[in-house]
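From first to last, the protein sequence lines stand for chains F and A.
So the first sequence is numbered by the numbering used here: it starts at 1 and just counts up by one.
So the second sequence is numbered by the numbering used here: it starts at 121 and just counts up by one.
Contents: one structure, followed by commentary.
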Amino acid sequence: AQKVTQAQTEISVVEKEDVTLDCVYETRDTTYYLFWYKQPPSGELVFLIRRNSFDEQNEISGRYSWNFQKSTSSFNFTITASQVVDSAVYFCALSPGPSYSGAGSYQLTFGKGTKLSVIP
Amino acid sequence: GAGVSQSPRYKVAKRGQDVALRCDPISGHVSLFWYQQALGQGPEFLTYFQNEAQLDKSGLPSDRFFAERPEGSVSTLKIQRTQQEDSAVYLCASSLESREVSYEQYFGPGTRLTVT
């Protein structure tokens, strides 16, 4: 069974502060994929990043960065110099690795989300 | 290009009514997923299609839930005899297909179902 835990339910920061969203996962798969999605007030889930379990390199994209640590089963997300437009619910998600049986389903297991409020 | 579209965006049903929710995936995406998102929770997997084949329906909560994708494109999620606990946002997602890689899923705006 797969499980994703986002312990922070809500976070409030003042604009321009840095903020880190935590994600801890559990899986028995030797290969798997991790994702982050953003859900703004409009409701549509927006894909941010996909990372496979083979690649532990940290990634930076503009103000966003991700820290994947297999040893602690964590995939944390940092927003640098936060902006009001970053206000949203952020979800971490996990999918199984390749299944060569032909019937694999890369269904996503989501955490409960972290609601980020950036105050001007 | 066009993203995933869903209709209707909002649906109010009286308890006991049947409802049908539609999903138009991104053109060329072989994989299609349905998720249910309760208020304040993360989405939960319902079912998965590869083209027209429903390969995984392990997340459907009861036999009142039924999904189909007869021509491998548009999909319909049907809920029979709706109950109040069915009230949620129903999300559809599509992705590229590969046996070796889990590609990112692109989500539609969802259908918010309210059962009164």
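A virtual CB, placed ideally from N, CA and C, is assigned to each residue, including glycine.
Note that the structure is predicted; figures quoted are calculated from it, not measured.
**Request:** Ignore the nearest five residues each way along the sequence and tell me which others in residue 58 of chain F's own chain have a CB closer than 6 Å to its CB.
**Result:** Here residue 58 of chain F corresponds to residue number 58 of the first sequence, with the count starting at 1. Excluding sequence neighbours, residue 58 of chain F sits near 67.
**Message:** Can you check which of these residues, F:78, F:85, F:74, F:47, is closest to residue 60 of chain F by C-alpha distance?
**Reply:** Taking the first residue of the first sequence as 1, we reach residue 60 of chain F at position 60. Measuring from the Cα of residue 60 of chain F, the nearest candidate turns out to be F:78.
**Request:** Report the rounded CA-to-CA distance for residue 84 of chain F versus residue 56 of chain F, giving the unit in angstroms.
**Result:** Translated into the one-based positions of the first sequence, residue 84 of chain F becomes position 84. Translated into the one-based positions of the first sequence, residue 56 of chain F becomes position 56. Cα-Cα distance, rounded: 30 Å.
**Prompt:** For residue 9 of chain F, is the classification buried or exposed, using 16 other Cβ atoms within 10 angstroms of its Cβ as the cut-off for buried?
**Reply:** By 1-based counting over the first sequence, the position of residue 9 of chain F is 9. By the 10 Å Cβ count, residue 9 of chain F comes out exposed.
**residue 18 of chain F burial status per 10 Å Cβ neighbour count (16 or more: buried)** = Locating residue 18 of chain F in the first sequence gives position 18, counting from the first residue. Label assigned to residue 18 of chain F: exposed.
**Asked** What's the C-alpha gap between residue 95 of chain F and residue 35 of chain F?
**Response** Position 95 of the first sequence holds residue 95 of chain F. Position 35 of the first sequence holds residue 35 of chain F. Between residue 95 of chain F and residue 35 of chain F, the C-alpha separation is close to 8 Å.
**Item:** Inter-residue spacing [alpha-carbon to alpha-carbon] between residue 128 of chain A and residue 4 of chain F
**Value:** In the second sequence, counting from the first residue as 1, residue 128 of chain A sits at position 8. In the first sequence, counting from the first residue as 1, residue 4 of chain F sits at position 4. When rounded, the distance between both Cα atoms is 30 Å.
**Prompt:** Is the beta carbon of residue 25 of chain F less than 8 Å from the beta carbon of residue 73 of chain F?
**Reply:** In the first sequence, the residue the question calls residue 25 of chain F occupies position 25. In the first sequence, the residue the question calls residue 73 of chain F occupies position 73. For residue 25 of chain F and residue 73 of chain F, yes; Cβs fall inside 8 Å.
**Message:** So if I threshold CB-CB distances at 7 Å, which residues from the stretch 12-44 of chain F count as touching chain A?
**Reply:** 33, 35, 43, 44
**Request:** Would you list, in sequence order, the uninterrupted beta strand (DSSP E) runs of no fewer than 3 residues that lie entirely inside the stretch 160-225 of chain A?
**Result:** 164-170, 173-176, 185-188, 195-199, 208-215
**Request:** In angstroms with no decimal places, state the Cα-to-Cα distance between residue 181 of chain A and residue 164 of chain A.
**Result:** The sequence position of residue 181 of chain A within the second sequence is 61, counting from 1. The sequence position of residue 164 of chain A within the second sequence is 44, counting from 1. Cα-Cα distance, rounded: 10 Å.
**Asked** Along chain A, which residues have their Cβ under 7 Å away from the Cβ of residue 50 of chain F?
**Response** As a first step, residue 50 of chain F must be located in the first sequence, where it is residue number 50. Near residue 50 of chain F (Cβ distances below 7 Å), the residues of chain A are 224.
**Item:** Check whether residue 152 of chain A and residue 169 of chain A have beta carbons under 8 Å apart
**Value:** Here residue 152 of chain A refers to the residue found at position 32 when the second sequence is read from its first residue. Here residue 169 of chain A refers to the residue found at position 49 when the second sequence is read from its first residue. Annotated as proximal: residue 152 of chain A and residue 169 of chain A, with beta-carbon spacing under 8 Å.
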